[in-house]
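Protein chains in written order, with the numbering used here: chain U, 1 to 448; chain H, 1 to 31.
All C-beta atoms in this analysis are idealised placements derived from N, C-alpha and C, irrespective of residue type, glycine included.
Keep in mind it's a predicted model, so treat the numbers as computed, not measured.
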Amino acid sequence: LDTFIAAVYEHAVILPNRTETPVSKEEALLLMNKNIDVLEKAVKLAATQGAHIIVTPEDGIYGWVFTRETIYPYLEEIPHPEVNWIPCTDPQRFGYAPVQERLSCLAKDNSIYVVANIGDKKPCNASDPRCPPDGRYQYNTDVVFDSQGKLVARYHKYNLFAPEVQFDFPKDSEVVTFDTPFGKFGIFTCFDIFSHDPAVVMVKKFQVDSVLYPTAWYNTLPLLSAVPFHSAWARAMGVNLLSANTHNTSMHMTGSGIYAPEAVKVYHYDMETESGQLMLSELKSRPRSEPTFPAPVAWSGYDKGIKPFLSEQLDFPGMIYFDEFTFTELKRNAGSYTVCQKDLCCHFTYKMSEKRTDEVYALGAFDGLHTVEGQYYLQVCTLLKCQTTDLRTCGEPVGSAFTKFEKFALSGTFGTSYVFPQLILSGSQLAPERHYEVSRDGRLQSTS
Amino acid sequence: GAPLPILVMALYGRVFEKDPPRLGQGPGKLQ
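1. Using a Cβ-Cβ distance under 8 Å, would F66 of chain U count as near chain H?
2. Quick check on this structure: which residue in U:Y9, U:A263, U:L242 has the alpha carbon closest to the alpha carbon of V43 of chain U?
3. Taking 8 Å as the CB-CB limit, is H80 of chain U close to chain H?
4. My assumption, with CB atoms under 8 Å, is that F483 of chain U sits in contact with Q166 of chain U. Please give the rounded CB distance.
5. Under 8 Å, do P163 of chain U and N117 of chain U count as touching if we go by C-beta distance?
6. Could you give the DSSP three-state label for H435 of chain U: helix, strand or coil?
7. Is it right to say H156 of chain U is buried, meaning 16 or more other beta carbons lie within 10 angstroms of its own, or is it exposed?
8. Determine the closest residue to D120 of chain U out of U:E101, U:A107, U:V143, with distance taken between C-alpha atoms.
9. Hey, would you say R229 of chain U sits closer than 8 Å to P261 of chain U, going by beta carbons?
10. Output the boundary residues of the beta strand (DSSP E) element that contains K34 of chain U.
11. Within its chain, find whatever has a CB closer than 7 Å to the CB of L369 of chain U; leave out the 5 residues flanking it on each side and keep chain order.
12. Which residues in the same chain as W64 of chain U place their Cβ atom closer than 7 Å to its Cβ, once the five residues preceding and following it in sequence are excluded?
13. The beta strand (DSSP E) that contains P317 of chain U, what's its start and end?
14. Based on the DSSP output, what are the partners of I424 of chain U in its beta bridges?
15. Which runs of the beta strand (DSSP E) spanning at least 3 residues fall entirely within the region 374-428 of chain U, listed in chain order?
16. Starting from the beta carbon of V419 of chain U, find every residue of chain H whose beta carbon is closer than 9 Å, and list them in chain order.
17. Expressed to the nearest angstrom, what Euclidean distance is found between the alpha-carbon atoms of S243 of chain U and Q313 of chain U?
18. Between the Cα of M271 of chain U and the Cα atoms of U:Y218, U:T3, U:P133, which residue gives the shortest distance?
19. What is the residue span of the alpha helix (DSSP H) that G276 of chain U lies within?
20. For a contact meaning CB atoms closer than 8 Å, what does E406 of chain U contact in chain B?
21. What residue range does the alpha helix (DSSP H) around V203 of chain U cover?
22. Distance check for L151 of chain U and S285 of chain U, CA to CA, integer angstroms please.
23. In angstroms with no decimal places, state the Cα-to-Cα distance between L30 of chain U and Y96 of chain U.
24. Give a yes or no on whether 8 Å exceeds the smallest Cβ distance from V380 of chain U to chain H.
25. Does any CB atom of chain H fall closer than 8 Å to the CB of G415 of chain U?
26. Quick one: residues in its chain with C-beta nearer than 7 Å to the C-beta of D179 of chain U, no 5 flanking neighbours on either side, listed in chain order?
27. Using DSSP bridges, identify the partner residues of S446 of chain U.
28. Per DSSP, what kind of secondary structure is H247 of chain U in: helix, strand or coil?
29. Could you round the C-beta distance between I258 of chain U and S289 of chain U to whole angstroms and report it? I think they count as a contact, below 8 Å.
30. Keeping to the same chain, check which residues put their C-beta closer than 6 Å to that of F191 of chain U; ignore five residues upstream and five downstream.
31. Do the region 183-197 of chain U and the region 387-395 of chain U touch if we need at least three Cβ pairs shorter than 8 Å?
32. Is the distance from the Cβ of I53 of chain U to the Cβ of I112 of chain U below 8 Å?
33. Please classify D2 of chain U as buried or exposed, where buried requires at least 16 other C-beta atoms within 10 Å of its C-beta.
34. Quick one: list the residues of chain H neighbouring F188 of chain U, beta-carbon separation under 9 Å, in chain order.
35. Along the region 344-362 of chain U, where does the CB come closer than 7 Å to a CB of chain H? Name the residues.
36. Quick one: using the 10 Å Cβ neighbour count with 16 as the cut-off for buried, is M319 of chain U buried or exposed?
Given below as structure tokens:
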């Protein structure tokens, strides 16, 4: 198939009551079936609209409020796909597996691939030095059932997020891919998207066409919101990304979408209601063989050729999500500025329609190891509106902006080829692709 | 292109070769 219909479902997860002790298996299954009841409606609706595959969120079946002990009744033994198993037709083959049976039947009865995130358990003993004291491994696990209900993929999340104390790290990173009539797929989960293993390896070495991405992502403005970050990743990596997020406004969890390398196909961001949302879109099965496939970018190409713009004012520090940036204020309605931190210099050229007195913008640079809730090395150039006209609020979350930019170009002396471009407008809306472009020499610039 | 009310623009680079062996800080880090 040259194209296929993709579906993602942003699910408002029904959470279990917080308990100190594990509930019974029956009570756990009751809660999980309530969530699967909701997912079933989305699967049926997607299938009637011709979808070939539907992705549901991480933690979508039992939520995230657990200790290592209290999640145990929600776990099932999930075998490796090589066992060639259709839980819907042979449910007892690997013991108690009601959730896998139901998900498999959903896929089989509706002739659609179903992607979900559940919990796997594996017994171990003292002969294994890594075996936890309670004699079992517990894994945050993605599963994929094909349109016959067969288990075709099982992925144990490698990069756990700091609060996920209910799960164990797999010993090694595993790149899980599988072939379909509509392209080669890979799958990973939430925090994995920051990683080289498995995220980059899956694309660069295994050459997948599309990535399935269950996530439970809470938005952290200005730089770590789901839709801008995930759509930027799809664009920079040159693959389709099918991102299904949890929905919980009190935890700022929203932002799902279907992203192609050349454009955002559909996205959903809703901080007003507690409703789930189904999204569908047609995608190219093999985007890298399409004429619309974006050309590679030399991210520091432009900056290597220019001298830093001299800034007549002092730089100042500011924090963004626990990282200390170096900022410089944009004082005029038009001009060019440079700000540097260690090996990274960021350049910004712009023209505002008018310089407002009630809004202040700053250009920031960060070159260093991020260390909170996970450790990863960043080089970031950013132009942002400060929360107030006080420069000490640069980097704080902001929701709206009235200053209009008629022209802009942002670039940096990056020491990496993995750079993800984001452009977010007032109201946390993505800028439509027609308004900006990424030049071959690495400038994120206006198209006017 | 129409003038845009920009909230934030970013070029978000990841320098993988400078990462520690594992991104997360869950219990596995202690094992």
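Reading it off the structure:
1. no
2. Checking every option, the nearest Cα to that of V43 of chain U belongs to U:Y9.
3. So no, H80 of chain U is outside the interface.
4. Since the first and last residues shown for chain U are 1 and 448, residue 483 of chain U lies out of range.
5. No. Outside cutoff.
6. helix
7. Counting Cβ neighbours within 10 Å, H156 of chain U comes out buried, since at least 16 surround it.
8. U:V143
9. It should be pointed out that residue 229 of chain U corresponds to Phe in this sequence rather than to Arg. Contact: no.
10. In the DSSP assignment, K34 of chain U falls outside any beta strand (DSSP E) and within the unbroken alpha helix (DSSP H) covering 25-48.
11. Q375, Y377
12. A216
13. It spans 316-320 - the beta strand (DSSP E) in which P317 of chain U sits, taken as one unbroken run.
14. U:L430, H:V8
15. 376-385, 404-412, 419-425
16. L11, Y12, G13, R14
17. 42 Å
18. U:Y218
19. No alpha helix (DSSP H) contains G276 of chain U, which DSSP labels as neither H nor E.
20. Although the question refers to chain B, the structure presented lacks it and instead comprises the protein chains U and H.
21. For V203 of chain U, the uninterrupted alpha helix (DSSP H) segment begins and ends at 201-204.
22. The alpha-carbon atoms of S285 of chain U and L151 of chain U are separated by roughly 21 Å.
23. One C-alpha to the other measures close to 15 Å.
24. yes
25. Closer than 8 Å: yes.
26. none
27. Answer is U:Y436, bridged to S446 of chain U.
28. Coil.
29. About 19 Å separates the two Cβ atoms, so there is no contact after all.
30. N159, F161
31. Fewer than three pairs of CB atoms, one per stretch, sit closer than 8 Å, so the region 183-197 of chain U makes no contact with the region 387-395 of chain U.
32. For I53 of chain U and I112 of chain U, yes; Cβs fall inside 8 Å.
33. exposed
34. Chain H residues near F188 of chain U: none, gap ~12 Å exceeds 9 Å.
35. S353
36. It counts as exposed.
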